[in-house]
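Chemist: Attaching a single structure in structure tokens format; questions to follow.
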Amino acid sequence: MILTVFAACSSSGREGVEEEQFAKYWYQGKAEINVFDLQQSRYGEVRPGKAVMIFVTEDFSRTKQVKMDNPQDRPSDAQKVMKLNMTREFVTGVYPYQTMLSVFTPVYEEVPSPKLTASVTEWCGQSFTQLNYKSGKYNAKLFSYFEEEGDTEVKINGLPEEELFNLIRLNPDLVPMGNRALIPSLIFQRFAHIPLKAEQATISKKSLGSNQSEIEVMYSQLGRKVTISYQDFFPYEILEFTETWTKANGQQEVTKAVRRQMQLMDYWNKNEKVFEPLRKDLGL
Numbered sequence: 016m017i018l019t020v021f022a023a024c025s026s027s028g029r030e031g032v033e034e035e036q037f038a039k040y041w042y043q044g045k046a047e048i049n050v051f052d053l054q055q056s057r058y059g060e061v062r063p064g065k066a067v068m069i070f071v072t073e074d075f076s077r078t079k080q081v082k083m084d085n086p087q088d089r090p091s092d093a094q095k096v097m098k099l100n101m102t103r104e105f106v107t108g109v110y111p112y113q114t115m116l117s118v119f120t121p122v123y124e125e126v127p128s129p130k131l132t133a134s135v136t137e138w139c140g141q142s143f144t145q146l147n148y149k150s151g152k153y154n155a156k157l158f159s160y161f162e163e164e165g166d167t168e169v170k171i172n173g174l175p176e177e178e179l180f181n182l183i184r185l186n187p188d189l190v191p192m193g194n195r196a197l198i199p200s201l202i203f204q205r206f207a208h209i210p211l212k213a214e215q216a217t218i219s220k221k222s223l224g225s226n227q228s229e230i231e232v233m234y235s236q237l238g239r240k241v242t243i244s245y246q247d248f249f250p251y252e253i254l255e256f257t258e259t260w261t262k263a264n265g266q267q268e269v270t271k272a273v274r275r276q277m278q279l280m281d282y283w284n285k286n287e288k289v290f291e292p293l294r295k296d297l298g299l
């Protein structure tokens, strides 16, 4: 992986993103690696595992909606984004699950995340979802090994739930409060096998004390609640998140992730065997 790091040429844009402070932390040529102890609810039981959140800034193509190889060649096409890559790994009985989510959120422009992708792989098969924001809506494509879901393409008007992680990292004040049309977590949507569409949700925030706050997302009709706790000061590190799903039969599934380790690292430059002990330092 090659990371291009350029300071933004303008301090204008999203209110609440203070350029000098932001650049000093996020433009130093490193990614922030957060490792969480995961308790993932699946098939009616809680499974221990690991979740990893990797936050990093990069230059993103407005037209192609992909990471740019040489942004200096097409500066008008480049936009700085906060990228979240998030993985979950856990085991169900004899076979493993791996999930990966990617969210690309503009740092300086007050526009929706241009792209999200999510994948779920396990021994039964795999599924992949991609959302691209175009013409005021998300063009969503879902590829699944399940016959009933098959290959699907729909247009959705709503804010992706998983964009909230990036908005918190930019500035929690950017998270919209109140009633919103949200696209539920793409990972949850795969696990629950529900239609890929926007749902009505209520977003609120409260202080937890000790310089910590919490964002709560409540989907009353879906029976889903999400809470994200974070440090209430820059760089607004995410400390834990909880997902609670109350099914129609009253059965409740709770997934929780608590952060244990965080390091800033240019991990793409550390792909030789000599660096493998760094995984132990991260708790992996």
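Residue 299, in the working numbering, is where the sequence shown stops; the numbers in between run on with no holes.
Think of the CB as a built atom: it goes at the ideal place given N, C-alpha and C, for glycine as much as any other residue.
Since we're looking at a predicted model, the values are computed, not measured.
Please determine, among Ala196, Trp138, Leu299, the residue with the shortest C-alpha to C-alpha distance to Val109.
Modeler: In the sequence shown, the residue the question calls residue 109 occupies position 94. It is Trp138 whose Cα lies nearest to the Cα of Val109.
Chemist: Measure the alpha-carbon distance for Phe206 versus Ser235 and round it to whole angstroms.
Modeler: Residue 206 sits at position 191 when you count from the first residue of the sequence shown. Residue 235 sits at position 220 when you count from the first residue of the sequence shown. Looking at the two C-alpha atoms, the distance is approximately 19 Å.
Chemist: Starting from the C-beta of Met115, find all residues in its chain whose C-beta is less than 6 Å away, skip the five residues before and the five after it, and write them out in chain order.
Modeler: In the sequence shown, the residue the question calls residue 115 occupies position 100. Once the five neighbours on either side are set aside, the close Cβ partners of Met115 are Thr102, Ser134.
Chemist: If the criterion is Cβ atoms closer than 7 Å, does the pair Asp88 and Arg77 meet it?
Modeler: Your numbering for residue 88 matches position 73 in the sequence shown. Your numbering for residue 77 matches position 62 in the sequence shown. No, these two residues do not count as a Cβ contact at 7 Å.
Chemist: Quick one, are the C-beta atoms of Asp247 and Gln278 less than 7 Å apart?
Modeler: Translated into positions along the sequence shown, residue 247 becomes position 232. Translated into positions along the sequence shown, residue 278 becomes position 263. In this structure, Gln278 does not lie closer than 7 Å to Asp247 by Cβ.
Chemist: Just how far apart, CA to CA, sit Asn172 and Leu201?
Modeler: Here residue 172 corresponds to residue number 157 of the sequence shown, with the count starting at 1. Here residue 201 corresponds to residue number 186 of the sequence shown, with the count starting at 1. Each residue's alpha carbon lies about 15 Å from the other.
Chemist: Along the chain, where does the alpha helix (DSSP H) containing Gln36 start, and where does it finish?
Modeler: Within the sequence shown, numbered from 1, the residue matching residue 36 stands at position 21. Per DSSP, Gln36 belongs to the alpha helix (DSSP H) from 34-41.
Chemist: By how many angstroms is the C-alpha of Gly151 removed from the C-alpha of Lys130?
Modeler: Taking the sequence shown and counting its residues from 1, one reaches residue 130 at position 115. Taking the sequence shown and counting its residues from 1, one reaches residue 151 at position 136. So the alpha carbons of these two residues sit roughly 13 Å apart.
Chemist: Any idea what DSSP makes of Lys285, helix, strand or coil?
Modeler: Translated into the one-based positions of the sequence shown, residue 285 becomes position 270. Lys285 falls in the coil class under three-state DSSP.
Chemist: Would you please state the rounded distance, in angstroms, between the beta carbons of Thr144 and Thr132? I believe it to be under 8 Å.
Modeler: Residue mapping note: residue 144 aligns to position 129 of the sequence shown, counting from 1. Residue mapping note: residue 132 aligns to position 117 of the sequence shown, counting from 1. 7 Å between Cβ atoms; contact.
Chemist: Under 8 Å by Cβ, that's how I've got Phe70 and Ala46 pegged, so tell me the actual separation to the nearest angstrom.
Modeler: Here residue 70 refers to the residue found at position 55 when the sequence shown is read from its first residue. Here residue 46 refers to the residue found at position 31 when the sequence shown is read from its first residue. Right, the Cβ-Cβ distance comes to about 7 Å (below 8 Å), so this counts as a contact.
Chemist: Just mark Val232 as buried or exposed, buried being the case when its beta carbon has 16 or more other beta carbons within 10 Å.
Modeler: Here residue 232 refers to the residue found at position 217 of the sequence shown. Per the 10 Å Cβ criterion, buried.
Chemist: What is the C-beta distance between Val122 and Val96, in whole angstroms, given that I count them as a contact (C-beta under 8 Å)?
Modeler: As a first step, residue 122 must be located in the sequence shown, where it is residue number 107. As a first step, residue 96 must be located in the sequence shown, where it is residue number 81. Indeed, because the Cβ distance is near 6 Å, the residues count as touching under 8 Å.
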